[in-house]
Amino acid sequence: MYVIALDLGTSGFRAQLIDQKTNETLKTVITMGHPLPGGNVIDHLEFAIVTGEDVANEVMLQTVKRILDAFNVDLKDINYISICGNPIQLSLFQNIEIRDLAYAGETKQKRLGVENVQRDARIFPANELFKGVMDLPNCQIIVPPAIKHEIGADALAMMTETDFINQTKPCLVTDYGTNAEMAIKVGDKIITASAAAGPSIEGQGIPCGMLAAPGAISDVNIEGDYWRLTVLDEMMQSGKGDLVNPVTGEIIEKGEIEAVGITGTGVISCMSIMLKSKLMTKIPNLPNGKVILGDGIEITEKDVVEIGKAIGAIRAAQLTLMEAAGLDYDQLEYAYISGATGTYVDGKKAAYLGSVPSYAKNIIQFGNTSIGLARKLAVHPEQLEEVNKMAKKIQADHLMMATSQTFKDIYVCELSYWEQGMPMEMYDEMLGMFKLRPFPHDTPEPNVERRVVRDIDDVGEEGVKMVEHIGVFLEAPARGCIFCHKCEKSCPENAITVRKEEPDNYIVIDSQKCLGSSCKRCITNCPKNAVNHSILKVVHKENV
Numbered sequence: 001m002y003v004i005a006l007d008l009g010t011s012g013f014r015a016q017l018i019d020q021k022t023n024e025t026l027k028t029v030i031t032m033g034h035p036l037p038g039g040n041v042i043d044h045l046e047f048a049i050v051t052g053e054d055v056a057n058e059v060m061l062q063t064v065k066r067i068l069d070a071f072n073v074d075l076k077d078i079n080y081i082s083i084c085g086n087p088i089q090l091s092l093f094q095n096i097e098i099r100d101l102a103y104a105g106e107t108k109q110k111r112l113g114v115e116n117v118q119r120d121a122r123i124f125p126a127n128e129l130f131k132g133v134m135d136l137p138n139c140q141i142i143v144p145p146a147i148k149h150e151i152g153a154d155a156l157a158m159m160t161e162t163d164f165i166n167q168t169k170p171c172l173v174t175d176y177g178t179n180a181e182m183a184i185k186v187g188d189k190i191i192t193a194s195a196a197a198g199p200s201i202e203g204q205g206i207p208c209g210m211l212a213a214p215g216a217i218s219d220v221n222i223e224g225d226y227w228r229l230t231v232l233d234e235m236m237q238s239g240k241g242d243l244v245n246p247v248t249g250e251i252i253e254k255g256e257i258e259a260v261g262i263t264g265t266g267v268i269s270c271m272s273i274m275l276k277s278k279l280m281t282k283i284p285n286l287p288n289g290k291v292i293l294g295d296g297i298e299i300t301e302k303d304v305v306e307i308g309k310a311i312g313a314i315r316a317a318q319l320t321l322m323e324a325a326g327l328d329y330d331q332l333e334y335a336y337i338s339g340a341t342g343t344y345v346d347g348k349k350a351a352y353l354g355s356v357p358s359y360a361k362n363i364i365q366f367g368n369t370s371i372g373l374a375r376k377l378a379v380h381p382e383q384l385e386e387v388n389k390m391a392k393k394i395q396a397d398h399l400m401m402a403t404s405q406t407f408k409d410i411y412v413c414e415l416s417y418w419e420q421g422m423p424m425e426m427y428d429e430m431l432g433m434f435k436l437r438p439f440p441h442d443t444p445e446p447n448v449e450r451r452v453v454r455d456i457d458d459v460g461e462e463g464v465k466m467v468e469h470i471g472v473f474l475e476a477p478a479r480g481c482i483f484c485h486k487c488e489k490s491c492p493e494n495a496i497t498v499r500k501e502e503p504d505n506y507i508v509i510d511s512q513k514c515l516g517s518s519c520k521r522c523i524t525n526c527p528k529n530a531v532n533h534s535i536l537k538v539v540h541k542e543n544v
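Note that the UniProt record's numbering has the sequence shown beginning at 1, numbered continuously upward.
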């Protein structure tokens, strides 16, 4: 008999098959993207609001079915599936109310009748959810609780699966990802927040970027006059990559593992070295407009700006939390970091770049805490009650960055720094204009401790399998379509095709590839307004 731990990440799903008798991990399966259109939780939320919660739910369930197919076990032998994720992902997965997450105003929520939505811990039969998708006759779904409606199980996981919750000294924890969850603790007081960093922080949203997976560049180091790449192997462990000239792209020495892309930690390392080595003397200017790490693996000036926006959002949110907690910079004892970035990033490079607080005395690196919590509950379902008690005990205040003037003021400085190359001296002057403390400079180098060597510490004896293409498609009649193909030509991801059919043509969208609400070029470029995302329905691959 088996149990499954499932992390519903904003940028992709990760799942582990576990032997229920021995508690040993047998296999890990990861997707190379989120199945819903878009690159962040807001895109996913808007898709569900516009297209329909039922459609969003079906896309996610079909994706989980493909993950279970990849495990290649008899479905009747699965006893538990324990899930973890942020409130939006867990709500979409369970097909429960999401409008309270979409609309922040109390008046609007009251008018919609979605006040005080509860997201409590629960265990329920899997076939209540997967009916019509697959038969899981003996399986129960385990859902950990949210602390508040904005603070989900992923935030609970980063607090409980690190040392944060028991720490007596001032500390900050950040789960790095598309929507970076974070919390600060001073005494018994905890303030939580999140920063919509966007997909570039995880290596996505840039042409050569990818999630942490075999073949991903996870680190870069200077070796003589050149750069040595660190690349993840088939077991998600760091290995020796090529030695390259970053300006010309020349391979000076072949490594042991071939790189196919770069993940977020590699991007952070690359950016840090650009600045420290003076290869980038003024942001975002680069020699010949880019650095070259391999065939088709390039970081351009445009990428630098996008990555800088993500780093800026995280740094601004962390500084805002420091202000809200009333902490001086030299009072922060610990910065805990989790997620794939928490595992693979070089803590000192990240501190130099600013994505990790350089003013913390100690940086402690953890792995994927969301799948850690899901695994704990899958193996020991009885611990759900203890986790629920912990969630109720955490009296967390939540700071909404969207309504925080402090965050907005700091982020203006960050945008000027990353987009225009504004000097740090002027950055500090701008902070002073906003009556904020200057950013700390020349702080002692933090102590760095890495608690794990892999994002998912135990991938199992069968290793990692990647589901590179989820294969879930959406279609809708394109009434009035003249078959001009402008929607296809304008799509930057080649996610849309038009199928000729009577009486109407049909648009077919590859859900995983589509950029969602952040793009909509297929809609704006259609001369007949024939593309309508609100009537999309899931279609099985064999019918595309």
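All residues carry an ideal CB built from backbone N, CA and C; glycine is no exception.
What are the start and end residues of the beta strand (DSSP E) that includes residue i?
i: residue 379; result: Per DSSP, residue 379 belongs to no beta strand (DSSP E); it is in the alpha helix (DSSP H), 369–379.
i: residue 503; result: No beta strand (DSSP E) contains residue 503, which DSSP labels as neither H nor E.
i: residue 398; result: 396–398
i: residue 270; result: Unbroken run through residue 270 is the alpha helix (DSSP H), 264–276; no beta strand (DSSP E).
i: residue 450; result: 447–450
i: residue 19; result: 12–19
i: residue 260; result: Segment: none, residue 260 is in no beta strand (DSSP E) and carries neither H nor E.
Compare the C-beta of residue i with all C-beta atoms of chain B and state if any pair is closer than 8 Å.
i: residue 195; result: Although the question refers to chain B, the structure presented lacks it and comprises just one protein chain.
Give me the DSSP bridge partner(s) of residue i.
i: residue 173; result: 183 and 336
i: residue 194; result: 181
i: residue 496; result: 509
i: residue 215; result: Answer is none; residue 215 lacks a bridge partner.
i: residue 553; result: With the chain represented from 1 up to 544, any question about residue 553 goes unanswered, as that position is not in the structure.
i: residue 466; result: 30
i: residue 477; result: 506
i: residue 226; result: 223
i: residue 189; result: 186
i: residue 290; result: 300
i: residue 362; result: 334 and 447
i: residue 232; result: 238
i: residue 25; result: 18
In the DSSP assignment, find the unbroken alpha helix (DSSP H) run with residue i in it and report its ends.
i: residue 127; result: 127–130
i: residue 393; result: 384–393
i: residue 242; result: It is not in any alpha helix (DSSP H) - residue 242 instead sits in the beta strand (DSSP E) that spans 238–244.
i: residue 47; result: 41–51
i: residue 280; result: Residue 280 -> no alpha helix (DSSP H), and no H or E assigned at all.
i: residue 313; result: 301–325
i: residue 443; result: Where residue 443 is concerned, there is no enclosing alpha helix (DSSP H), given that its DSSP letter is neither H nor E.
i: residue 353; result: 347–353
i: residue 415; result: 405–420
i: residue 429; result: 424–433
i: residue 488; result: 486–490
i: residue 523; result: 521–524
Taking the alpha carbon of residue i as the reference point, which residue from the options has its own alpha carbon closest?
i: residue 132; options: 79, 54 and 320; result: 54
i: residue 366; options: 76, 159, 82 and 4; result: 159
i: residue 196; options: 474, 41, 103 and 427; result: 41
i: residue 212; options: 91, 340 and 302; result: 340
i: residue 469; options: 32, 6, 4 and 19; result: 32
i: residue 474; options: 482, 449, 506 and 64; result: 506
i: residue 139; options: 174, 94, 287 and 75; result: 75
i: residue 442; options: 352, 457 and 137; result: 352
i: residue 255; options: 208, 105 and 293; result: 293
i: residue 380; options: 9, 8 and 24; result: 24
i: residue 13; options: 89, 232 and 126; result: 89
i: residue 230; options: 276, 344, 316 and 28; result: 344
i: residue 477; options: 533, 20 and 63; result: 533
i: residue 438; options: 444, 424 and 449; result: 424
i: residue 332; options: 94, 186, 81 and 193; result: 186
i: residue 306; options: 325, 327 and 283; result: 283
i: residue 391; options: 145, 528 and 218; result: 145
i: residue 226; options: 241, 459 and 451; result: 241
i: residue 374; options: 1, 10 and 18; result: 18
Any idea if residue i is buried or exposed, counting beta-carbon neighbours within 10 angstroms, 16 or more meaning buried?
i: residue 222; result: exposed
i: residue 35; result: buried
i: residue 119; result: buried
i: residue 246; result: buried
i: residue 60; result: buried
i: residue 28; result: buried
i: residue 298; result: buried
i: residue 308; result: buried
i: residue 289; result: exposed
Less than 7 Å between the CB of residue i and some heavy atom of the ligand ATP, yes or no?
i: residue 126; result: Ligands in the displayed structure: none, and consequently the ligand ATP is not present.
In chain order, which continuous runs of the beta strand (DSSP E) of length 3 or greater are located wholly inside the region 88–171? Listed in chain order, the complete beta strand (DSSP E) runs (minimum 3 residues) inside the region 88–171 are 122–125 and 140–143.
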